[in-house]
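S.K.: Residue numbers (the numbering used here), protein chains in the order written: chain L, 195 to 467; chain W, 195 to 467; chain F, 195 to 467. Backbone N, C-alpha and C define an ideal beta-carbon position, used for all residues, glycine too. The model shown is predicted, which means the values in this text are computed figures rather than measured ones. The structure is given below, and queries will be raised subsequently.
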């Protein structure tokens with residue numbers, strides 16, 4: 195029951211440590227509060243071990259990485275792993291620069307991520323990055339479509355098996371899978387791509403869902419993706435003439451604020467493969 | 195007259211230097227503009243001395259501190275003190291990490307803060323932090339309630355006396371006191387806690403109020419707290435079906451934008467103890 | 195045709211690399227998306243060369259500069275210049291601190307900026323900063339008004355000639371000129387000054403306009419200024435009772451989101467001198 199996953203977040207109010215980019219950090223904090231979680235931000239190496247220790251989950255986003263924050267990500271990640279926390283990686287821009295690709299690869303080697311969430315281009319970069327991903331279908335296209343859905347699902351399951359992490363590839367069609375099961379999700383609207391940070395917001399919220407649902411993490415990750423897409427649909431229906439992407443951003447967070455388990459359960463559009 | 199304090203801000207348009215966290219910095223800037231002040235942000239050690247010199251007030255918030263910004267806080271704080279500026283400390287997360295607690299304690303030793311604003315947990319940490327606060331009631335609870343109000347007021351007055359700063363403890367009931375007088379304020383709504391950064395915004399705005407009302411700082415600090423809470427009430431009355439925390443954030447800043455002295459005077463709910 | 199300039203942005207969807215301040219960065223990203231561009235942020239010296247290489251334009255804003263980001267600005271600027279990208283400088287706070295003035299002057303020496311956009315105070319600082327600007331009218335006032343318009347236009351053209359950059363001085367009256375032609379623009383509303391970052395947003399959007407209109411950069415810069423001012427007018431007409439600067443901010447970005455070439459062409463208020 196996906197709907198139950200958001201109810202657990204509202205009940206447990208998980209504290210999530212975010213090491214995230216400064217572009218979308220305010221929206222990440224507000225969507226975490228909207229879904230029932232609680233955000234803390236810290237990216238100073240000297241500070242992160244203490245901060246992550248009082249949290250239940252850790253969200254690492256490399257969107258505006260720098261040498262200091264990468265050091266902090268590694269320290270926090272190791273500490274969070276020792277404590278058994280839910281840990282998520284959002285490899286923003288992997289493939290766009292050597293530093294981002296290398297940082298994401300290093301983090302994956304050093305930290306046992308509960309989930310990795312990105313677009314198809316970023317996830318492909320991680321899968322192919324070290325040149326030894328022979329089992330992975332390198333022909334996977336640049337977007338998940340109805341036509342390449344089968345091979346994309348295989349790709350997700352194989353990469354999940356290789357990494358031991360839940361893999362969430364988000365786009366027009368979202369795929370969230372472990373090595374056995376893949377959720378194919380069709381919530382959301384294309385206009386969400388005209389808002390900065392809907393992906394970052396989803397990563398923050400997904401970390402809260404994982405933290406509050408540790409015994410069914412795959413379902414929790416899928417529930418977060420459905421919730422974000424459904425919020426995009428609900429918010430779109432509340433748009434008035436003249437409203438644009440800035441107002442849409444506010445209304446999406448507002449829709450999460452009001453979303454209960456029943457709404458999520460009934461609005462989620464997915465199949466399991 | 196609390197109402198007069200906001201009128202002074204609008205008249206004097208104080209320039210406030212903010213060394214604040216990157217999570218809520220945009221909202222801090224917009225609420226400073228909304229109340230009639232003007233914000234400047236700078237956290238580079240080489241830059242802050244010049245920047246703070248052209249301002250009238252300095253707002254130091256340790257929400258996403260790092261080693262560079264802590265250095266900048268100390269340089270700026272000393273310069274602002276030399277110039278007789280209003281200086282405020284928002285010890286975000288004091289008690290949550292050693293670095294935050296230690297940084298806040300060091301800043302308090304080196305800089306003569308006009309006011310220190312935080313939640314009860316943060317302020318208690320500062321009061322008890324160095325182990326020599328025998329005069330302070332260590333039994334003060336984790337929230338200010340009607341039941342423990344007397345001991346909380348005593349705590350605020352004693353900590354104000356010890357530090358020489360105005361102490362502002364904000365929560366469901368707000369206490370703003372110096373060594374002699376404590377304002378007990380009951381404006382605001384609990385839903386404000388579901389927005390990131392209402393505390394940071396208040397700290398920014400309070401710095402503007404202190405800067406524009408240097409001869410009655412205690413009243414100015416109380417006026418800022420009443421203004422923030424009253425804005426939360428006014429904004430809540432303007433919420434429409436489906437609006438959530440993101441829209442509420444905007445409407446609170448909007449309410450400050452329109453608040454005049456009469457509105458504040460009539461809407462402020464406080465007693466002096 | 196100014197209207198055509200925004201249509202080119204929507205058609206070409208230019209990717210813009212922003213090294214900008216953390217106060218207004220989210221709004222810069224959203225307005226870039228609103229006008230049809232696409233934003234990337236990176237300020238780490240190790241990362242910026244790769245990131246700027248995949249972009250078409252570079253927006254450098256020194257609003258919250260630090261030693262690391264200044265290094266990144268120089269690296270990115272040189273690489274962008276090699277690649278023939280559109281490069282814009284927003285010298286936020288030049289004149290307010292030695293570091294800001296010196297950084298802006300150094301960047302101007304090392305990087306061939308396509309355009310420099312600031313308020314009259316910042317631009318004057320750059321023009322007078324190195325003490326050798328004998329050709330420049332040092333008597334230019336602190337605001338461009340109907341009374342000093344002629345001398346202000348001369349100032350803009352001479353500084354444009356000296357720098358080889360388009361000079362954009364924005365305020366109540368905007369002047370956008372090269373060495374031969376100066377647009378005098380009268381769009382916008384004074385209430386835009388009560389929102390943080392309308393200047394930063396304009397700089398981001400102008401970079402997208404320049405990137406998508408490389409063969410008529412002066413017109414593109416003027417079109418961006420008209421678009422921003424016109425958005426301020428459209429948004430103001432959509433304000434409801436009780437709305438303030440926070441909502442106004444959202445509505446301005448929304449107005450850009452919906453602006454097409456015809457709207458811009460018809461709403462632009464300018465003369466060429």
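Using the Cβ count rule (16 or more neighbours within 10 Å means buried), how would you classify residue 431 of chain F?
M.R.: Indexing the third chain from 1 puts residue 431 of chain F at position 237. Flag for residue 431 of chain F reads exposed.
S.K.: So, does the CB of residue 382 of chain L fall closer than 8 angstroms to a CB anywhere in chain F?
M.R.: Sequence index remark: in the first chain, residue 382 of chain L carries index 188 (1-based). It does not: the Cβ of residue 382 of chain L has no partner Cβ on chain F nearer than 8 angstroms.
S.K.: Are residue 414 of chain W and residue 404 of chain W touching if we call contact CB-CB under 8 angstroms?
M.R.: Sequence index remark: in the second chain, residue 414 of chain W carries index 220 (1-based). Sequence index remark: in the second chain, residue 404 of chain W carries index 210 (1-based). Cβ atoms of residue 414 of chain W and residue 404 of chain W: closer than 8 angstroms.
S.K.: Is residue 330 of chain F close to chain W, meaning its C-beta is less than 8 angstroms from at least one C-beta of that chain?
M.R.: Numbered from its first residue, the third chain carries residue 330 of chain F at position 136. With a pLDDT of only 40 at residue 330 of chain F, under the threshold of 50, the placement of this residue in the model should not be trusted; the figure read from the coordinates follows. No, residue 330 of chain F lies away from the interface with chain W (no Cβ there is under 8 angstroms from its Cβ).
S.K.: Tell me whether the beta-carbon of residue 233 of chain W lies closer than 8 angstroms to the beta-carbon of residue 266 of chain W.
M.R.: Position 39 of the second chain, counted from the start, is the residue given in the question as residue 233 of chain W. Position 72 of the second chain, counted from the start, is the residue given in the question as residue 266 of chain W. No, they are not a contact pair.
S.K.: Starting from the beta carbon of residue 253 of chain F, find every residue of chain L whose beta carbon is closer than 8 angstroms, and list them in chain order.
M.R.: Your numbering for residue 253 of chain F matches position 59 in the third chain. Ordered by position in chain L, no residue passes the 8 angstroms Cβ test against residue 253 of chain F, which lies about 13 angstroms from the chain.
S.K.: State the start and end residues of the unbroken beta strand (DSSP E) segment that holds residue 513 of chain L.
M.R.: The structure shown does not extend to residue 513 of chain L, since chain L spans only 195 to 467, so no value can be given for it.
S.K.: First and last residue of the beta strand (DSSP E) that includes residue 524 of chain W?
M.R.: No statement about residue 524 of chain W is possible, as the shown extent of chain W runs from 195 to 467 and does not include it.
S.K.: Using a Cβ cut-off of 8 angstroms, pull out every chain W residue sitting near residue 290 of chain F, in sequence order please.
M.R.: Position 96 of the third chain, counted from the start, is the residue given in the question as residue 290 of chain F. Those within 8 angstroms of residue 290 of chain F in chain W are 234, 244, 245, 248.
S.K.: If you run the structure through DSSP and keep just helix, strand and coil, what is residue 366 of chain F?
M.R.: Numbered from its first residue, the third chain carries residue 366 of chain F at position 172. Three-state DSSP puts residue 366 of chain F in coil, outside helix and strand.
S.K.: For residue 325 of chain L, does the count of other Cβ atoms within 10 angstroms reach 16, so buried, or fall short, so exposed?
M.R.: The sequence position of residue 325 of chain L within the first chain is 131, counting from 1. Confidence is the limiting factor: at residue 325 of chain L the pLDDT is only 47, short of 50, which leaves the residue's position unreliable, though a coordinate-based value still follows. The residue in question, residue 325 of chain L, is exposed, as its Cβ has fewer than 16 Cβ neighbours within 10 Å.
S.K.: Following the continuous beta strand (DSSP E) through residue 464 of chain F, name the residue where it begins and the one where it ends.
M.R.: Here residue 464 of chain F refers to the residue found at position 270 of the third chain. From DSSP, the beta strand (DSSP E) with residue 464 of chain F extends over 464-466.
S.K.: Does the ligand ZN have a heavy atom nearer than 7 angstroms to the CB of residue 365 of chain F?
M.R.: The ligand ZN is not part of this structure, which contains no ligands at all.
S.K.: For the segment 380-400 of chain L against the segment 213-224 of chain L, are there 3 or more C-beta pairs whose distance is under 8 angstroms?
M.R.: Counting Cβ pairs under 8 angstroms, three or more are found: they touch.
S.K.: Residue 389 of chain F versus chain W: which residues are under 8 angstroms apart at the beta carbon?
M.R.: Your numbering for residue 389 of chain F matches position 195 in the third chain. Those are 224, 227, listed as they occur along chain W.
S.K.: Check whether the Cβ of residue 451 of chain W lies closer than 8 angstroms to any Cβ atom in chain F.
M.R.: What you label residue 451 of chain W is simply residue 257 of the second chain in a count that begins at 1. Closer than 8 angstroms: yes.
S.K.: Contact check, residue 271 of chain W vs residue 301 of chain W under 8 angstroms by CB: the rounded distance?
M.R.: On the second chain, position 77 is the one that residue 271 of chain W refers to. On the second chain, position 107 is the one that residue 301 of chain W refers to. At roughly 6 angstroms, the Cβ-Cβ gap stays under 8 angstroms, so residue 271 of chain W and residue 301 of chain W are in contact.
S.K.: According to DSSP, is residue 454 of chain F part of a helix, a strand, or is it coil?
M.R.: Position 260 of the third chain, counted from the first residue, corresponds to residue 454 of chain F. In this structure, residue 454 of chain F counts as coil in the three-state DSSP scheme.
S.K.: Quick one: Cα of residue 206 of chain F to Cα of residue 312 of chain F, how far?
M.R.: Taking the first residue of the third chain as position 1, residue 206 of chain F is located at position 12. Taking the first residue of the third chain as position 1, residue 312 of chain F is located at position 118. Cα to Cα, residue 206 of chain F sits roughly 26 angstroms from residue 312 of chain F.
S.K.: Which residue from F:309, F:365, F:387 puts its Cα closest to that of residue 351 of chain F?
M.R.: Mapped onto the third chain, residue 351 of chain F falls at position 157. Considering only alpha carbons, the answer is F:309.
S.K.: Measuring only between beta-carbons, confirm whether residue 265 of chain F sits less than 8 angstroms from chain W.
M.R.: Looking up residue 265 of chain F in the third chain gives position 71. Output row for residue 265 of chain F: interface = no.
S.K.: Between the C-alpha atoms of residue 408 of chain F and residue 211 of chain F, what's the straight-line distance to the nearest angstrom?
M.R.: Stepping through the third chain from its first residue, residue 408 of chain F is reached at position 214. Stepping through the third chain from its first residue, residue 211 of chain F is reached at position 17. In a straight line, the C-alpha of residue 408 of chain F is about 16 angstroms away from that of residue 211 of chain F.
S.K.: Would you list, in chain order, the members of the segment 428-441 of chain F that have their beta-carbon closer than 8 angstroms to a beta-carbon of chain W?
M.R.: Hits within the stretch, in order: 436, 437, 438, 439, 440, 441.
S.K.: Alpha carbon to alpha carbon, what distance is there between residue 439 of chain F and residue 438 of chain W?
M.R.: Numbered from 1 along the second chain, position 244 holds the residue referred to as residue 438 of chain W. Numbered from 1 along the third chain, position 245 holds the residue referred to as residue 439 of chain F. Roughly 19 angstroms separates the two Cα atoms.
S.K.: Which ranges does the alpha helix (DSSP H) cover as unbroken runs of at least 4 residues, wholly within the segment 365-453 of chain W, from first to last along the chain?
M.R.: Complete alpha helix (DSSP H) runs here, min 4: 392-406, 411-431, 439-452.
S.K.: Spell out whether any CB of chain F is found under 8 angstroms from the CB atom of residue 260 of chain W.
M.R.: Locating residue 260 of chain W in the second chain gives position 66, counting from the first residue. Closer than 8 angstroms: no.
S.K.: By the DSSP assignment, the beta strand (DSSP E) with residue 336 of chain L in it spans what residues?
M.R.: Taking the first residue of the first chain as position 1, residue 336 of chain L is located at position 142. Run containing residue 336 of chain L: none; DSSP gives neither H nor E here.
S.K.: Output needed in chain order: residues of the segment 206-224 of chain W with a Cβ under 7 angstroms from some Cβ in chain A.
M.R.: Looking for chain A here will not work: the only protein chains present are L, W and F.
S.K.: Just the C-alpha distance for residue 465 of chain W and residue 444 of chain L, rounded to the nearest angstrom, thanks.
M.R.: For the purposes of this step, residue 465 of chain W is identified with residue 271 of the second chain, where counting begins at 1. For the purposes of this step, residue 444 of chain L is identified with residue 250 of the first chain, where counting begins at 1. Taking the straight line joining both Cα atoms gives about 36 angstroms.
S.K.: Roughly how many whole angstroms lie between the Cα atoms of residue 155 of chain F and residue 200 of chain F?
M.R.: Any question about residue 155 of chain F goes unanswered here, given that chain F covers just 195 to 467.
S.K.: Given a threshold of 16 other Cβ atoms within 10 Å of its Cβ, counted over all protein chains shown, does residue 195 of chain F qualify as buried or as exposed?
M.R.: Taking the third chain and counting its residues from 1, the one referred to as residue 195 of chain F is at position 1. By the 10 Å Cβ count, residue 195 of chain F comes out exposed.
S.K.: In the structure shown, what three-state DSSP assignment does residue 217 of chain W receive?
M.R.: Position 23 of the second chain, counted from the first residue, corresponds to residue 217 of chain W. Of the three classes helix, strand and coil, the one that applies to residue 217 of chain W here is coil, per DSSP.
S.K.: Among residues of its own chain, excluding the 5 on either side of residue 386 of chain W, which ones have a beta-carbon nearer than 7 angstroms to its beta-carbon?
M.R.: Sequence index remark: in the second chain, residue 386 of chain W carries index 192 (1-based). Cβ within range, chain order: 392, 426.
S.K.: From the beta carbon of residue 293 of chain F, is the nearest beta carbon of chain W less than 8 angstroms away?
M.R.: Taking the first residue of the third chain as position 1, residue 293 of chain F is located at position 99. With 8 angstroms as the cut-off, residue 293 of chain F counts as an interface residue toward chain W.
S.K.: For chain L, check one thing: does any of its Cβ atoms lie closer than 8 angstroms to the Cβ of residue 447 of chain F?
M.R.: Position 253 of the third chain holds residue 447 of chain F. Output row for residue 447 of chain F: interface = yes.
S.K.: Quickly, what does DSSP pair residue 344 of chain L with across the bridge? List them, please.
M.R.: Numbered from its first residue, the first chain carries residue 344 of chain L at position 150. None, per the DSSP bridge assignment.
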